[in-house]
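Numbers given in this note's numbering equal positions in the sequence shown, counted from 1, plus 1. Where is the CB? At the ideal position from N, CA and C, for every residue including glycine. Structure record follows, encoded as structure tokens.
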Amino acid sequence: MKIALVVIILIAAFAGVLYFGLPFLIEKETADLRSDLQDLKQRVQKIEEESQAAPLKPDADTQKIIKTVNALYQKVNSLEDSFKRGLSSLDERIKKQKTATEEGLKKQTEAIDKISRETKTITQIIMSDLAMANIREHILKVKVDLTSRNFGSAKNELNLVDEAFEKAKTAASDENKRVIEELQLTLKKAKSEIDTDLPSAISRIDLLWHETDKLLRKV
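The structure is reproduced here in structure tokens:
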């Protein structure tokens, strides 16, 4: 029982790490992208500044004007080309990051689904285990009551056993449900034989004790 609870706690902790850890990893991975984007913004700003610059004086000659314009044109073109290459690279990195993020989220979802299924299975086992332990406690009381010939108390305990069987079926697997239904039939026969055939009733109670022990070990 303690081991099962520890397993559940560990599974829950692992789920928490996945849930809270992935956003941190995504934040870390996108830091470079934000840096590149800032760099591109600075390049755009530089292009605008270069475009607005006016290094020529009003009395500059035609040759100087041509040289200045050509130099400025080449510089602006160079910056534009650099900007385009950076933008293309950034776009590619964004696509890769998007793919990586989607894959990370998919893996996280799959891991959480797996943990959920495993937790459900463990919970089902624990509940079945507790139910069988409770049933065996009542059957033990029945055995004591029959030995003491306290038949009224034995019948009341058998009623409690039947109720416990019904509750146990809600957390049992389909296979175990069928086994429990068969045990309920044995219980019903034992109860009807207490007043008419006590040895047979005791034999059936012993059978219930034996079969519930097998069921307890099985779950």
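Would you check if the distance between the CB atom of residue i and the CB atom of residue j is smaller than 9 Å?
i	j	result
residue 186	residue 212	no
residue 144	residue 195	no
residue 140	residue 206	yes
residue 189	residue 202	no
Among residues of its own chain, excluding the 5 on either side of residue i, which ones have a beta-carbon nearer than 7 Å to its beta-carbon?
i	result
residue 208	187
residue 132	165, 168, 169 and 172
residue 197	none
Beta-carbon within less than 6 Å of residue i's beta-carbon, same chain only, minus the 5 sequence neighbours each way: which residues are those?
i	result
residue 128	172
residue 170	178 and 181
Who are the near neighbours of residue i in its chain, counting only those whose CB is closer than 8 Å to its CB and skipping five residues on each side?
i	result
residue 199	147
residue 217	130, 133, 134 and 137
residue 55	Because the pLDDT at residue 55 is just 48, under 50, the model does not fix this residue reliably, and the value given afterwards should be weighed accordingly. Taken in chain order, the list of residues that qualify is empty.
Just how far apart, CA to CA, sit residue i and residue j?
i	j	result
residue 121	residue 175	15 Å
residue 159	residue 151	13 Å
residue 85	residue 98	20 Å
residue 111	residue 153	55 Å
residue 161	residue 142	11 Å
residue 119	residue 214	25 Å
residue 43	residue 93	20 Å
residue 100	residue 115	22 Å
residue 57	residue 95	Confidence is the limiting factor: at residue 57 the pLDDT is only 49, short of 50, which leaves the residue's position unreliable and the question unanswerable from this model.
residue 104	residue 91	20 Å
residue 123	residue 39	50 Å
residue 163	residue 210	13 Å
residue 149	residue 109	60 Å
residue 117	residue 89	42 Å
Using a Cβ-Cβ distance under 9 Å, would residue i count as near chain C?
i	result
residue 97	Looking for chain C here will not work: only one protein chain is present.
Here's the rule I'm using: 16 or more other beta-carbon atoms within 10 Å means buried, otherwise exposed. How should residue i be labelled?
i	result
residue 204	exposed
What are the complete beta strand (DSSP E) segments, minimum 3 residues, inside the region 149 to 200?
Qualifying beta strand (DSSP E) stretches: none in this window.
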